[in-house]
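One point on numbering: in full-length UniProt numbering, the residue at position 74 of the sequence shown is 74, and numbering is uninterrupted.
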Amino acid sequence: MSDILDPKHEALVEHLFARTQTVLGFSGFELRPLRRRVRGRGKLRSFRLGYTKIGEKTITVDLYTPRTMRPRKIDAVLRVFAHELAHHQSPPRRSLFGWRHHYPAFWRQVKKNVALMQKDPALSKYF
Numbered sequence: 001m002s003d004i005l006d007p008k009h010e011a012l013v014e015h016l017f018a019r020t021q022t023v024l025g026f027s028g029f030e031l032r033p034l035r036r037r038v039r040g041r042g043k044l045r046s047f048r049l050g051y052t053k054i055g056e057k058t059i060t061v062d063l064y065t066p067r068t069m070r071p072r073k074i075d076a077v078l079r080v081f082a083h084e085l086a087h088h089q090s091p092p093r094r095s096l097f098g099w100r101h102h103y104p105a106f107w108r109q110v111k112k113n114v115a116l117m118q119k120d121p122a123l124s125k126y127f
């Protein structure tokens, strides 16, 4: 079984991630698709949509739904990009037993990122 389920979808997401970086003023970030060990078996492995490491410039995003392995909607993927890049813009959060709590200032930054992405002519057609 190939590791890439839908090459067109993954190529489109790579292109949109590069465009999102230019719109939000970032450069040098690497996009990694989240790879599950068991694909398409009907097992829910996680509901995590994406994560980033603050010290590194990598963002890992889940491009497929957990159970049916269908490609996620581009709108949802773009909002995950806005969320994960906001961690590198303003990281006010606290960690408690592995869970992260985001403060209202963080969510305002995410909304600003989404608004900038909606104003861009290349990204606005996906919202």
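Virtual Cβ for every residue (Gly too), placed ideally from N, Cα, C.
Should Leu34 and Leu63 be called a contact, given that it needs their Cβ atoms to be closer than 9 Å?
Yes. Within cutoff.
Would you decide whether Gly50 is buried or exposed? Buried here means 16 or more other CB atoms lie within 10 Å of its CB.
In this structure Gly50 is buried. Its beta-carbon is surrounded by 16 or more other beta-carbon atoms within 10 angstroms.
Helix, strand or coil, according to DSSP, for Thr22 in the structure here?
It is helical.
Starting from Lys112 and walking both ways along the alpha helix (DSSP H), at which residues does that stretch end?
Counting along the chain, the alpha helix (DSSP H) containing Lys112 begins and ends at Pro104 to Lys119.
Straight-line CA distance for Val23 to Leu116?
Between the C-alpha atoms of Val23 and Leu116 there is a straight-line separation of about 7 Å.
I'd like to know if the stretch 107 to 114 and the stretch 79 to 87 are in contact, where contact means that at least 3 CB-CB pairs between them fall below 8 Å.
Three or more Cβ pairs drawn from the stretch 107 to 114 and the stretch 79 to 87 lie within less than 8 Å of each other, which places the two stretches in contact.
Between Leu31 and Leu123, is the Cβ-Cβ spacing less than 9 Å?
The answer is no: Cβ separation not under 9 Å.
For the beta strand (DSSP E) that Leu31 lies in, which residues bound it at each end?
Boundaries of the beta strand (DSSP E) harbouring Leu31: Glu30 to Pro33, taken from the DSSP string.
Is the separation between the beta-carbon of His87 and that of Lys57 shorter than 9 Å?
Not a contact, by the Cβ cut-off of 9 Å.
Ends of the alpha helix (DSSP H) at Ile74?
Per DSSP, Ile74 belongs to the alpha helix (DSSP H) from Ile74 to Gln89.
Return the CA-CA distance between Thr60 and Phe106, expressed in angstroms with no decimal places.
Those two C-alpha atoms are separated by around 19 Å.
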